[in-house]
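In what follows, a single structure is set out as structure tokens and then discussed.
Numbering (the numbering used here), first residue to last: 4 to 136.
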């Protein structure tokens with residue numbers, strides 16, 4: 004009996020919540036992209052890793068269901084509102100050795116956005132209520 008050839012199967016991507024990604028860059032440009040997969044999200048964020056920096060990046064899944072990152076010295080501050088009339092939260096890095104850090108690298112930010120849209124938790128986060136509705 005002849006051996007069956009080995010066929011590599013890619014692991015299926017986790018379920019992804021379609022979203023609107025809005026990016027504002029330091030050169031005054033702003034654009035909106037509909038993303039339907041983690042790959043599309045990563046591709047849309049690639050320009051942020053180049054010469055033009057991204058000042059603000061937001062991912063919106065429904066009216067007032069949004070995660071927003073604002074560029075600050077040393078990384079990005081991240082806030083989230085999980086639906087009308089949900090409260091606004093600051094996201095804090097809760098990984099060992101980074102607890103209470105409120106800034107995230109662009110690489111971490113990309114992972115957090117993908118996690119948000121695939122309901123995964125790769126990076127440990129703490130949520131601090133801002134008191135705003």
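We put the beta carbon where it would ideally sit given N, CA and C, even for glycine.
If residue i sits next to residue j, beta carbons under 8 Å apart, how far is it from one beta carbon to the other, in whole angstroms?
| i | j | result |
| --- | --- | --- |
| residue 136 | residue 90 | 6 Å |
| residue 133 | residue 92 | 6 Å |
| residue 19 | residue 45 | Not quite, the Cβ-Cβ distance comes to about 12 Å (not below 8 Å), so this is no contact. |
| residue 106 | residue 77 | 5 Å |
Under the DSSP definition of a beta bridge, which residues are partnered with residue i?
| i | result |
| --- | --- |
| residue 28 | 57 |
| residue 84 | 69 and 91 |
| residue 104 | 96 |
| residue 33 | 27 |
Thinking just about the alpha-carbon of each residue, which of the options is nearest to the one in residue i?
| i | options | result |
| --- | --- | --- |
| residue 25 | 52, 54 and 64 | 64 |
| residue 95 | 66, 56 and 127 | 127 |
| residue 129 | 71, 97, 17 and 122 | 97 |
| residue 111 | 22, 51, 29 and 36 | 51 |
| residue 72 | 113, 88 and 120 | 113 |
| residue 80 | 121, 34 and 108 | 108 |
Could you have a look at residue i and say whether DSSP puts it in helix, strand or coil?
| i | result |
| --- | --- |
| residue 79 | strand |
| residue 45 | helix |
| residue 125 | coil |
| residue 23 | strand |
| residue 64 | strand |
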